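Asker: What follows is a single structure, and I will ask about it in a moment.
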Amino acid sequence: MTTVWLSEAVAELEDAALYYGGIDEELGKRFATAVALTLADIESDPERPRRFDGQARKVRLKRFPYAILYWVGADTLHILAVMHLHREPGYWHGRLA
Numbered sequence: 430m431t432t433v434w435l436s437e438a439v440a441e442l443e444d445a446a447l448y449y450g451g452i453d454e455e456l457g458k459r460f461a462t463a464v465a466l467t468l469a470d471i472e473s474d475p476e477r478p479r480r481f482d483g484q485a486r487k488v489r490l491k492r493f494p495y496a497i498l499y500w501v502g503a504d505t506l507h508i509l510a511v512m513h514l515h516r517e518p519g520y521w522h523g524r525l526a
């Protein structure tokens, strides 16, 4: 299965990584590790998390207030958002097109 990142999701990931890395280099590394582990979990069994808001699925990062939102296509995993959990809910809905 191929993983495709929307540009908005990449920007959110980069912003969060810069934020945590700016606080402390080690914290930035822990954030990057949390993202990598979460992606590995998603890629190993993308259908496991239940759907919410239609086709989207969400997996929370451990120890950080973020979740990776995605949907599963025929042979592609689409990363929709790296969402801060205290941000306005549903801001990413337009990305499902």
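Residue numbering for the sequence shown follows the working numbering, beginning at 430 and increasing consecutively. We put the CB at the ideal spot given by N, CA and C, even for glycine. No experiment lies behind these values; they were computed from the predicted model shown.
Tell me, to the nearest whole angstrom, how far the beta carbon of Arg486 is from that of Pro478; I am working on the premise that it is less than 8 Å.
Answerer: Rounded, the Cβ-Cβ distance is 4 Å, consistent with contact.
Asker: DSSP on Arg524, reduced to helix/strand/coil?
Answerer: Residue state, collapsed to three classes: helix.
Asker: In chain order, what residues of the same chain have a beta carbon less than 6 Å from the beta carbon of Thr505, not counting five sequence neighbours either side?
Answerer: The answer, listed in chain order, is Thr431 and Val433.
Asker: Taking 8 Å as the threshold (C-beta atoms), are Ala446 and Ala461 in contact?
Answerer: Cβ distance < 8 Å, so Ala461 and Ala446 count as in contact.
Asker: What did DSSP end up calling Ala463 once you bin it into helix, strand or coil?
Answerer: In the structure shown, Ala463 sits in a helix (DSSP, three-state: H, G or I).
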